[in-house]
Amino acid sequence: FFHIETDYQSNGHDPPPYPTTEIKNISIVGNSGLGMATGVTFGCSKYMPCKDIVVKNNWILHGTSGSYHCSFVDKYYEENNSPKGLEDCLYNSINRTETIPRIS
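In this note's numbering, each residue's number is its place in the sequence shown (first place is 1) plus 11.
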């Protein structure tokens, strides 16, 4: 259904000495995952976190709560997605020492 990965430049190592890709201001709204669409992945990295992500009114026909995979999503807004579980995936994607405000 949706897959983004930002660790391709560093492969888990320190970032390169040039500007890295910035993933921000992405809206995924009103989509239907049919057929082979089974999940959503935000594979962002600690060096290139995804920021200001909006995921609203989407559904995956053959999805389950385990269909979501999230890492290093900084700020986001999530509403009315099916199956349930995306909110927890996004929230738990960063090891926070304090809560990061979610965008609205």
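Backbone N, C-alpha and C define an ideal beta-carbon position, used for all residues, glycine too.
Exercise for the section: Report buried or exposed for Gly47, applying the criterion of at least 16 other Cβ atoms within 10 angstroms of its Cβ. Expected result: Along the sequence shown, one-based indexing puts residue 47 at 36. The question names Gly, but residue 47 is Met in the sequence shown. Per the 10 Å Cβ criterion, exposed.
Exercise for the section: Tell me whether the beta-carbon of Ser76 lies closer than 8 Å to the beta-carbon of Gly54. Expected result: Mapped onto the sequence shown, residue 76 falls at position 65. Mapped onto the sequence shown, residue 54 falls at position 43. In this structure, Ser76 keeps its C-beta atom at 8 Å or more from the C-beta atom of Gly54.
Practice task
Look up Ser93 in the DSSP assignment and give the residues it is bridged to.
Solution key: In the sequence shown, residue 93 corresponds to position 82, counting from 1. BP columns for Ser93 point to Trp70.
Exercise for the section: Just tell me which of Val51, Trp70, Asp85, Ser78 has its CA closest to the CA of Lys57. Expected result: Along the sequence shown, read from residue 1 onward, the residue named residue 57 stands at position 46. It is Asp85 whose Cα lies nearest to the Cα of Lys57.
Practice task
State the beta-bridge partners of Cys61 as determined by DSSP.
Solution key: Working through the sequence shown from its first residue, we reach residue 61 at position 50. DSSP output for Cys61 lists Ile34, Val84 as bridge partner(s).
Practice task
Grab me the residues of Asn91's own chain with a C-beta within less than 7 Å of its C-beta, minus the 5 sequence neighbours each way, in chain order.
Solution key: For the purposes of this step, residue 91 is taken as residue 80 along the sequence shown, with counting starting at 1. Closer than 7 Å at Cβ, skipping near neighbours: Lys67, Asn68.
Handout entry: Beta-carbon spacing of Thr49, Ile71 below 8 Å
Key = Translated into positions along the sequence shown, residue 49 becomes position 38. Translated into positions along the sequence shown, residue 71 becomes position 60. In this structure, Thr49 lies near Ile71, with their beta-carbon atoms less than 8 Å apart.
Exercise for the section: Note the first and the last residue of the continuous beta strand (DSSP E) segment covering Thr49. Expected result: As a working note, residue 49 is residue 38 in the sequence shown. According to the DSSP assignment, Thr49 belongs to no beta strand (DSSP E), since it is labelled neither H nor E.
Practice task
In angstroms with no decimal places, state the Cα-to-Cα distance between Tyr87 and Glu98.
Solution key: Residue mapping note: residue 87 aligns to position 76 of the sequence shown, counting from 1. Residue mapping note: residue 98 aligns to position 87 of the sequence shown, counting from 1. C-alpha separation (whole angstroms): 9 Å.
Handout entry: As assigned by DSSP and simplified to three states, the class of Ser56
Key = Translated into positions along the sequence shown, residue 56 becomes position 45. Reduced to three states, the DSSP call for Ser56 is coil.
Handout entry: Pair within 8 Å by beta-carbon distance, Cys100 and His73
Key = Taking the sequence shown and counting its residues from 1, one reaches residue 100 at position 89. Taking the sequence shown and counting its residues from 1, one reaches residue 73 at position 62. It is not a contact, given that the beta carbons lie outside the stated cut-off.
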